[in-house]
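What follows is a single structure, written as structure tokens, with notes after it.
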Ligand SMILES: C[S@@+](CC[C@H](N)C(=O)[O-])C[C@H]1O[C@@H](n2cnc3c(N)ncnc32)[C@H](O)[C@@H]1O
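The structure is reproduced here in structure tokens:
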């Protein structure tokens, strides 16, 4: 059927109307007229794919990835990189406007290299085929190269079939020194030989939480610090943008501030803040990440970070103190109600909210803006060519 794309949705899809019903069009750009096939019909909406572009947008480029659309990972690969940033800025503004958030001018930090930037990739394996799940499905798109993944990850991908895994998941992580950690979860017997991966600097292989080769962690060297990152602990996936993010956070800390770092991972932001702060209290739920934080403080000679293990909502109210700054860097689900309440009941002067999901960020800002002013809003292109963005917000007490 013929569709005219009237606007873009929050997942990089075009929006059109077919017989009055909203229709999300994969690979449709605003202003285009396309010939599309409906692939899913729901009570309230259709999902379609543009098969032929009848009237093309001036922003359209031919995708350079053979898996574009089938894979679902990069929804913006049909635009020039600069235009993906414009799309992302409009997307963030639209979500904030819908939630009636008052915000300042958005500062955008572009990626240095929008391809091959990802230092962590999760490959899915089904019936011996290796690839990614299609968007919102468990159907596998088999791939033999990923334009988002770093060169080392693509080298590992080429060798993965030798492990003879039939069903499971392989996480490949790379540090700033191109050293590789492979984490495998499967019920199959693994056929591992070191020489399968002779083209990469292999640091370790972990299968079902057991180390079968080398170490079960990577060491990252960033911001003049060393960070041990255990196989199951979080670390940002884009080293260049992470540096920018850390600079922004450190700039916001004043000498002798007392800081709370919530959802603190291996203590990266705590340690960076601790260089200026009087004391930093960090809370993290993954045990190995808390142990890494303690270790990371020692190797960086930082003595003013106190780490707590547990869910933020259970621990935060129990830490006594007069805090100047709270750093929150939650998972996509955003802040729990209890945590928001603790912040709203406090007299914390400044909040640094780091978010990888603008929808939950807006939900939380709606509550926070009753007491705080959103002073700074930075959009960091951590996840180029996908519709995801990283936001760093600075809020100050009214
Ligand atoms: C986006 S990461 C941020 C980590 C860290 N700030 C950094 O930049 O490296 C979110 C972290 O929150 C942790 N986490 C998730 N839910 C949590 C909860 N309810 N309480 C405490 N930590 C949680 C995750 O394990 C992860 O380390």
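Residue numbers (our numbering): 370 to 767. Where a beta carbon is used, it is the ideal one built from N, C-alpha and C, also for glycine.
- Item | Residue range of the alpha helix (DSSP H) that includes residue 498 | From DSSP, residue 498 is part of no alpha helix (DSSP H) but of the beta strand (DSSP E) over 498-502.
- Message: Residues in the same chain with beta-carbon distance under 6 Å from residue 465, minus the five sequence neighbours each way, listed in chain order, please.
- Response: Correct list, in chain order: 472 and 731.
- Name the residue from 397, 665, 379 and 414 whose alpha carbon lies nearest to the alpha carbon of residue 387. 414
- Looking at the unbroken beta strand (DSSP E) that takes in residue 372, where does it start and where does it end? 371-373 is the extent of the beta strand (DSSP E) around residue 372.
- Query: Any C-beta of chain D sitting closer than 9 Å to the C-beta of residue 744?
  - Reply: The structure shown contains no chain D; it holds only a single protein chain.
- Under the three-state reduction of DSSP, which class applies to residue 517: helix, strand or coil? In the structure shown, the three-state DSSP call for residue 517 is coil.
- DSSP three-state call for residue 660: helix, strand or coil? helix
- Task: Along the beta strand (DSSP E) that carries residue 602, what are the first and last residues, could you check?
- Result: The continuous stretches of beta strand (DSSP E) do not include residue 602, and DSSP gives it neither H nor E.
- Message: Please state the DSSP three-state secondary structure of residue 747.
- Response: strand
- Message: Comparing C-alpha positions only, which one of 521, 517, 488 and 378 sits nearest to residue 459?
- Response: 378
- Whole-angstrom distance between residue 538 and residue 504, CA atom to CA atom: 17 Å
- Going by other Cβ atoms of all chains shown within 10 Å of its Cβ, with 16 needed for buried, is residue 658 buried or exposed? buried
- Query: Counting pairs of Cβ atoms below 8 Å between the segment 582-594 and the segment 565-574, do you hit three or more?
  - Reply: yes
- Query: Does the distance from the C-beta atom of residue 405 to that of residue 420 stay below 9 Å?
  - Reply: yes
- Where the beta strand (DSSP E) containing residue 463 begins and where it ends: Run containing residue 463: none in the beta strand (DSSP E); it sits in the alpha helix (DSSP H), 450-467.
- N- and C-terminal bounds of the beta strand (DSSP E) containing residue 543: 537-543
- Assign residue 405 to one of three DSSP states: helix, strand, or coil. strand
- How should residue 625 be labelled, buried or exposed, when 16 other C-beta atoms within 10 angstroms of its C-beta is the threshold for buried? exposed
- Message: Just checking residue 658 against ligand 1 - is the residue's beta carbon closer than 8 Å to any of the ligand's heavy atoms?
- Response: yes
- Query: From this set, 546, 756, 750 and 741, which residue's C-alpha is nearest residue 470's C-alpha?
  - Reply: Of all alpha-carbon atoms in 546, 756, 750 and 741, the one lying nearest the alpha-carbon of residue 470 is that of 741.
- Go through its chain and collect everything with a Cβ distance to residue 424's Cβ below 7 Å, but skip five positions before and after it. 401 and 402
- Message: Taking the alpha-carbon of residue 519 as reference, which of 753, 656 and 739 has the nearest alpha-carbon?
- Response: 753
- Message: Quick check on residue 609: does DSSP put it in helix, strand or coil?
- Response: Three-state DSSP puts residue 609 in a helix.
- Can you give the beta carbon distance from residue 563 to residue 582, rounded, assuming they're within the 8 Å contact cut? 7 Å
- Contact test: residue 637 Cβ vs ligand 1 heavy atom, cutoff 8 Å: yes
- Query: CB-CB under 6 Å to residue 686, same chain, minus the five flanking residues each way: which ones, in chain order?
  - Reply: Setting aside the 5 residues that flank it on each side, residue 686 is surrounded in the same chain by 711, each with a C-beta closer than 6 Å to its C-beta; the list follows chain order.
- Message: Tell me whether residue 655, by its Cβ, gets closer than 8 Å to a heavy atom of ligand 1.
- Response: yes
- Item | Own chain partners of residue 561 with C-beta closer than 7 Å, once the 5 adjacent residues on each side are dropped | Excluding sequence positions up to five before and after residue 561, its CB lies within less than 7 Å of the CB of 532, 574, 581 and 582, all in the same chain and listed in chain order.
- Message: Let's see if you can read the secondary structure: which residues bound the beta strand (DSSP E) around residue 825?
- Response: Residue 825 lies beyond the range of the chain shown here (370 to 767); nothing can be said about it.
- Task: Give me the Cα-Cα distance between residue 649 and residue 635, rounded to the nearest whole angstrom.
- Result: 14 Å
- Query: When you compare each of 489, 495 and 451 to residue 478 by their alpha carbons, which one comes out closest?
  - Reply: 451
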